[in-house]
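Position one of the sequence shown corresponds to residue 1 (the UniProt record's numbering), numbered consecutively onward. Input: a single structure, listed below in structure tokens.
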Amino acid sequence: MSNKRDILLGSPLLAGLPETAIEPLLEVAKLKKLVDGQLLYSQGEAGEAMYGVLSGSIRLYNRSEQGRELLVMQVERGDWIGEVSLFDGLPRSHDACAQGPCEVLVLAKADLDALLEKEPAMYRHFIPMLCRKLRMALSYVENVALYSLPERLARRLLELTEFYGEDDGEQGLRITLHLPQEDLAKMLAVTRQAVSRELKRLESEGLIRLAYGKLWVLDQAGLQKLAK
1 MSNKRDILLG
11 SPLLAGLPET
21 AIEPLLEVAK
31 LKKLVDGQLL
41 YSQGEAGEAM
51 YGVLSGSIRL
61 YNRSEQGREL
71 LVMQVERGDW
81 IGEVSLFDGL
91 PRSHDACAQG
101 PCEVLVLAKA
111 DLDALLEKEP
121 AMYRHFIPML
131 CRKLRMALSY
141 VENVALYSLP
151 ERLARRLLEL
161 TEFYGEDDGE
171 QGLRITLHLP
181 QEDLAKMLAV
191 TRQAVSRELK
201 RLESEGLIRL
211 AYGKLWVLDQ
221 AGLQKLAK
């Protein structure tokens, strides 16, 4: 079982909070287990809680009426989700689904509201997180509107190395997130075949290396040049 104290104290979201704020959060936070494929919340639902991922992976996605899926992001241990609806009071903007067994830390809206009423200074710790989400949303819109698929793919790979990159020595910078080509295609709103062609081209040019569900970035400067 993951330790909720560790995830709270180690989370960038809550870094810098005084001990007087951490202890009340520990008291009200609850642990929730999810099985593979289980929905944490659905698009259109009321935002009744925010969630910290303790273990496993959560997919955030939207689905059209025709069944086409746009993978917004895939969050891992230490990430927080669901906070936007918690603060603006509007319905969830996407679905959140477990990919494999997961544990999440649940902070209910009622409990968080009560704590923030007692400690209003805590609001400033949530502002950077909300700004980051806004920047990501604007980046997605910009990428689709202004950039070609090769440029968008390079940009997304660089973003993934920023969040999930791990130095693998001579092998390059490994993206630790399990990344099937189908998921990468859903992130870019294109077909898997189109992404496959571009990945093979990048590999032939020595910018990346591919294996089943895995990807290494060999030349960040080259990707940055492609991403402009």
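By construction, the Cβ of each residue, glycine as well, lies at the ideal position given by its N, Cα and C atoms. Quantities reported herein were computed from a predicted structural model and do not represent experimental measurements.
| Query | Result |
| --- | --- |
| Is DSSP giving residue 68 helix, strand or coil here? | coil |
| Decide if residue 131 is buried, meaning its Cβ has at least 16 other Cβ atoms within 10 Å, or exposed. | exposed |
| Nearest to residue 224 by alpha carbon, out of 213, 202 and 215? | 202 |
| Out of 31, 157 and 84, state which residue places its alpha-carbon closest to the alpha-carbon of residue 207. | 157 |
| Go ahead and label residue 186 buried or exposed: buried means 16 or more other beta carbons lie within 10 angstroms of its beta carbon, across all protein chains shown. | buried |
| Do residue 47 and residue 118 have their CB atoms nearer than 8 Å? | no |
| Reducing DSSP to helix, strand and coil, say where residue 201 ends up. | helix |
| Return the CA-CA distance between residue 75 and residue 210, expressed in angstroms with no decimal places. | 22 Å |
| Could you tell me whether the Cβ atoms of residue 37 and residue 98 are closer together than 8 Å? | yes |
| Should the segment 213 to 223 be regarded as contacting the segment 166 to 173, the criterion being three or more beta carbon pairs within less than 8 Å? | yes |
| Taking 7 Å as the limit between beta carbons, can you name the residues of its chain near residue 196, skipping five residues before and five after? | 181 |
| Tell me whether residue 1 is buried or exposed, calling it buried when 16 or more other Cβ atoms sit within 10 Å of its Cβ. | Here residue 1 scores only 41 on pLDDT, less than 50, and its place in the model should not be relied on; the value that follows carries that caveat. So residue 1 counts as exposed. |
| Do residue 155 and residue 227 have their C-beta atoms within less than 8 Å of each other? | yes |
| Can you tell me which of the three DSSP states residue 105 falls into? | strand |
| My assumption, with CB atoms under 8 Å, is that residue 160 sits in contact with residue 175. Please give the rounded CB distance. | 5 Å |
| What are the residues that DSSP puts in a beta bridge with residue 48? | In DSSP, residue 48 forms no bridge with anything. |
| Label residue 67 either buried or exposed according to how many other C-beta atoms from any shown protein chain fall within 10 Å of its C-beta, with 16 as the threshold for buried. | exposed |
| Which partner residues of residue 28 appear in the DSSP bridge assignment? | According to DSSP, residue 28 bridges with nothing at all. |
| Look up residue 192 in the DSSP assignment and say whether it is helix, strand or coil. | helix |
| With a threshold of 16 other CB atoms inside 10 Å of the CB of residue 212, please say whether the residue is buried or exposed. | exposed |
| For the alpha helix (DSSP H) that residue 92 lies in, which residues bound it at each end? | No alpha helix (DSSP H) contains residue 92, which DSSP labels as neither H nor E. |
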